[in-house]
Structures are given as C-alpha cells and as structure tokens.
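Enquirer:
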Amino acid sequence: MATISVNKLRSLVDERISIKVSGLPTNSPVTLHLQIKETYGSFSAFGHYMTDEAGRLDLDSSCSVGGTYTGLDSMGLFWSLKQDPSQRTGLRLLRREAEIPLKYQLMALNGHVMWDELAGEQKPDSGHALCSIGLERTYLSDSVERLPIKFGRLRGALFKPRSQRSCPPVIDLFGTGGGLMEHRSALLAKEGFSVLALAYFNYEDLPKELHEIDMDYFEEAVDFMLASPYSRLGPEGGLGLIGVSAGADIVANAAILFGKKVRAVAWLNGNRCRSWFPVRYRARWLPNHFPMNVALVKPSDRSDGLDSREACCSGCTEAQELPVEKSTCRFLFLSSLDDYSMPVDTGARLAARIRRSNGQRRVDHVTYPGAGHLLEPPISPCTPLCYHGLYGLNMDYGGNSKQHHEAQVDSWCRIIQLFREELDPVLARL
1250 MATISVNKLR
1260 SLVDERISIK
1270 VSGLPTNSPV
1280 TLHLQIKETY
1290 GSFSAFGHYM
1300 TDEAGRLDLD
1310 SSCSVGGTYT
1320 GLDSMGLFWS
1330 LKQDPSQRTG
1340 LRLLRREAEI
1350 PLKYQLMALN
1360 GHVMWDELAG
1370 EQKPDSGHAL
1380 CSIGLERTYL
1390 SDSVERLPIK
1400 FGRLRGALFK
1410 PRSQRSCPPV
1420 IDLFGTGGGL
1430 MEHRSALLAK
1440 EGFSVLALAY
1450 FNYEDLPKEL
1460 HEIDMDYFEE
1470 AVDFMLASPY
1480 SRLGPEGGLG
1490 LIGVSAGADI
1500 VANAAILFGK
1510 KVRAVAWLNG
1520 NRCRSWFPVR
1530 YRARWLPNHF
1540 PMNVALVKPS
1550 DRSDGLDSRE
1560 ACCSGCTEAQ
1570 ELPVEKSTCR
1580 FLFLSSLDDY
1590 SMPVDTGARL
1600 AARIRRSNGQ
1610 RRVDHVTYPG
1620 AGHLLEPPIS
1630 PCTPLCYHGL
1640 YGLNMDYGGN
1650 SKQHHEAQVD
1660 SWCRIIQLFR
1670 EELDPVLARL
C-alpha cells in the first residue's frame, strides 16, 4: 500500500520539510498534487516524478520533470502553488492571522496527471489516487508569543520570543491592502526580534479608508517600541523598520523625519516620491506627494492585470524625490525587476541619493530579475496577479515562480542580517 511520510506534519511556513512516498509502482510515472482550500478560493501545485526500482519517491533527491515546477527542490510544491482556475482571478494565498495554520492536502496519483484534470472542473479519476496526507504550515512558532497592542491610537500585535524578556525592536508595515498583517512579524520574531505588526487603517477603530499618511501616528509607534519593556536597544539605540509597497514609502519617510530613533530600514518595492497620499507631520503637510495618475494606468501587455509603472509618481523630478540622504540610518533597498506596479529603478535612484550625499555611508541595493512586487518570507508562493482593494481591480505584480522564490530566500536572509548587524551586536555574530 502506498504511503506518504513527512518528517513534520506541522511546520513553519519558511521551514523546509522532508517528503517521501513508498509502496508505489516501480519505475513508474507518479504525480504529487498539493492543494489548499481557503474560504476565498483554492490553490494547487503538482509535480511529475518517476519512482525508483523500489517504488519510492524522496523529494530531497527526486526531480520533478513536469508540473508547476521542475527540477530538484523538496519545497517546490509549496512555492509553486497557483490559484485554481475555476474561480475569480487575483487571489493571494495569505493568512493575516499568524495563529491560524494553513492546512494542505498532499495526494499521490498514478501516472502523470495534467493541470486541467487536477485543478479544473474535471477531477482526477478515482483510479489515479494512491494515497494522501494532511499537512499544516504556520507562521507562529511555539517559541514565539503574540501580544495584542491597543495603546492610545496604536493598533496591532507584538511578537517576541517567549524565552527572552526583551529583544531588538522592529516595526513591520504593509501597503494599501489595509488591516493587520501579522505573518511576516511572527516569522521575524523567531529570529530574535521584538516585532510590532502595525495596522494603520481598516482595522478595529482605525479609519476605514486611507486618505492621508499621518506620520505622527507612526512616530507614536516608534516611541512606544523604544520605551517598551520588550525592547532591548543596542549601544547606538534606535529600531528597525520594514515596509513593502506603500509601507516602504512610510518607513522611508520615518527614517527621514525621526532621526536617530530609526537605526535600520528594509525597503521593499516602494515609490521614489513621498507618497501617493498627502503626508502630514506635526501639524503641517509635507511637500511632494504625487497621487496615482490614473490616466497613465494601462492594461498589462502580458496579463489580465493593470500596469501602473508610469502612473506612480508621474511628474516627480529628481529634486522632488524622497530626500533619503537626510536620514541617518542604514538602508537596504530591495527591488523586484519583474514588477509592473512600481517603476523598477526606484531603489537604485534612492540608493544613489545616499551615496552621492555621503560616499562613506553604507547603503545596500539588491535587484532581483524575475521577481514580482510582493516579496514575502521564503517558500511563499508568487502572486503575479493580485486584486487591489483600494482600486477594485487586478494589478500585474509580476514574478516568475522560481526566480521569485529564489529572491524571497535571498532577501529574507539579507533583512535578518541587516537588523542583526544594526540593532544587536550579539545577534550579528550568530
């Protein structure tokens, strides 16, 4: 009887696991099909393999010769997940609440079964099925605790290692999707940080819609973390910030405005102007925000999404770009070159401003060919087409599954190393 064995039935989202199948027909074609069903839609991946002379598969050594990924990668079924075709487009596989695990079903099927039969209206013939097993993947390690935050105006959740009273502090921001996004914060916390996942609209009693960027709110969050008993400051003081998309714009503004309170910034695929939205700080409106020029948004030439590269910061001159050179922190700029939602040269332009201002100051800029807009923690699937709640349309976020996966592995290591080096000399030596 065919049997699937997994070394961990419950594992972390960024953790590699070992998958083996035994009792299969010898030297024969077999398909492994991974599926996850969420309330908003389902996602699938599959690989085609050949069993050995003993009727076994080991994804640590068995190559996929077809399917949603090819080659040797034991986690290929996870990072190559795609939304099933029989549903609306633009879905993103994500669990906002870090405490709720993702639940998958892995099935072994006889023969090389194709995508239309696996994920379409026509389901695999019952004669194909050989065995199956349920798996869980979670963002929240048993070693990490979650603390809800409701302090003054601030709303969010703080994640920290259970074994440590205090850790180097980081604030984690996402973009115009709104609400509270906890997944990245939970995974960062297991690396030895105290991480605040901060909501800033469309969550609890915060404003339902985003009309302006109130930098006083974010400074309150910075001050809260710097004074928190869960934060351990390094000899230079200050904390780390990480932001993607519109969240990257906010953390760049914070680095400029808050001085030495900010020690390190991980910037992922943001804008070069101050923001799409009006930005307010200490009772004054800051110059050089550029609303999205909807007249320049156009249908993508490669998908059913929209291409907004020319519409972002349209008309912004070099003099009107974010003056990141006025910050005192270390920046890590991460740019995905297959992103159709943002100009891909933005990270290079901002890094160049810092280098021109101070050639001795350390600034890092890394580009990722074939990677899309949403750089997530490792082994997360690529979302090339994503529904944008603010605009009510699908955006072309781009990304080739394999190159995007490789970019996420590399960028995650760089982000962790940045915060270790700048926030805690002890962690930097790990």
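Using the numbering used here, the first residue of the sequence shown is number 1250, and each one after it goes up by one. By construction, the Cβ of each residue, glycine as well, lies at the ideal position given by its N, Cα and C atoms.
1. For GLY1325, which residues from the same chain have a beta carbon less than 7 Å from its beta carbon, with the 5 sequence-adjacent residues on both sides left out?
2. Under three-state DSSP, which class holds ARG1395?
3. DSSP three-state call for ASN1649: helix, strand or coil?
4. Helix, strand or coil for TYR1479, going by three-state DSSP, please let me know.
5. Roughly how many angstroms separate the alpha carbons of LYS1651 and GLY1401, rounded to a whole number?
6. Tell me whether the beta-carbon of MET1474 lies closer than 9 Å to the beta-carbon of LEU1429.
7. Please list, in chain order, all residues of the same chain as VAL1393 whose beta carbon is under 8 Å from its beta carbon, the five residues on each side excluded.
8. Judging by CA-CA distance, which residue of GLU1469, ARG1523 and SER1660 is the nearest neighbour of GLU1570?
9. Return the residue from the list ASP1309, SER1480 and TYR1479 that minimises the CA-CA distance to SER1323.
10. Would you report the Cα separation of HIS1637 and ARG1305, rounded to the nearest angstrom?
11. So the candidates are PHE1423, LEU1642 and LEU1581; which of them puts its Cα closest to the Cα of ALA1495?
12. Quick one: measure Cβ to Cβ for LEU1351 and ARG1345, integer angstroms, because I've assumed they're closer than 8 Å.
13. Within 10 Å of its beta-carbon, does GLN1332 have 16 or more other beta-carbons around it, so buried, or fewer, so exposed?
14. What is the residue span of the beta strand (DSSP E) that HIS1637 lies within?
15. Check whether the Cβ atoms of LEU1623 and VAL1493 sit closer than 9 Å, and answer yes or no.
16. Inspect the beta-carbon positions of HIS1460 and LEU1358 and report whether they are closer than 9 Å.
17. From this set, LEU1261, ARG1341 and THR1280, which residue's C-alpha is nearest LYS1269's C-alpha?
18. Assuming ASN1520 and CYS1562 make a contact with CB atoms under 8 Å, what is their CB distance in whole Å?
19. Buried or exposed, going by whether 16 or more other CB atoms sit within 10 Å of the CB of GLY1508?
20. Excluding sequence positions up to five away, which residues of its chain have a Cβ less than 8 Å from the Cβ of ASP1572?
21. Within its chain, find whatever has a CB closer than 6 Å to the CB of ASP1613; leave out the 5 residues flanking it on each side and keep chain order.
22. Measuring straight from C-alpha to C-alpha, what distance separates CYS1662 and ALA1597?
23. Looking at the structure shown, is MET1250 part of a helix, part of a strand, or coil, going by DSSP?
24. On the DSSP bridge assignment, give the partners of ALA1406 in chain order.
25. Thinking SER1660 and LEU1583 are a contact (beta carbons under 8 Å), I'd like their distance in whole angstroms, please.
26. Can you give the Cα-Cα distance for ASP1587 and THR1616, rounded to whole angstroms?
27. Starting from HIS1432 and walking both ways along the alpha helix (DSSP H), at which residues does that stretch end?
28. With the cut-off set at 9 Å, would you say SER1267 and VAL1255 are in Cβ contact?
29. Tell me whether LYS1457 sits in a helix, a strand or coil according to DSSP, three-state version.
30. For the alpha helix (DSSP H) that contains VAL1314, what are its first and last residues?
31. CB-CB under 6 Å to GLY1619, same chain, minus the five flanking residues each way: which ones, in chain order?
32. Which residue marks the beginning of the alpha helix (DSSP H) containing TRP1525, and which one marks its end?
33. In this structure, how does DSSP classify MET1324 when only helix, strand and coil are distinguished?
34. Using the Cα positions of THR1338 and VAL1362, report the straight-line distance between them to the nearest angstrom.
35. Taking the CB atoms as reference points, tell me whether TYR1353 and LEU1384 lie closer together than 9 Å.
Expert: On the basis of the data shown:
1. GLY1296, SER1313 and TYR1318
2. strand
3. coil
4. coil
5. 43 Å
6. no
7. PHE1408, LYS1409, PRO1410, ARG1411, ALA1435, ALA1438 and LYS1439
8. ARG1523
9. ASP1309
10. 44 Å
11. PHE1423
12. That pair is no contact at about 12 Å.
13. buried
14. 1634-1637
15. yes
16. no
17. THR1280
18. 5 Å
19. exposed
20. One detail in the question is off: residue 1572 reads as Pro in this sequence, not Asp. So the list reads ILE1505 and ARG1602, once near-sequence residues are dropped.
21. LEU1581
22. 20 Å
23. coil
24. PRO1397 and ALA1446
25. 5 Å
26. 10 Å
27. 1432-1438
28. yes
29. coil
30. Premise fails: VAL1314 is in no alpha helix (DSSP H) and is neither H nor E.
31. ASP1587, ASN1649 and GLN1652
32. Taken as a continuous stretch (DSSP letters only), TRP1525 belongs to no alpha helix (DSSP H), as it is neither H nor E.
33. coil
34. 23 Å
35. yes
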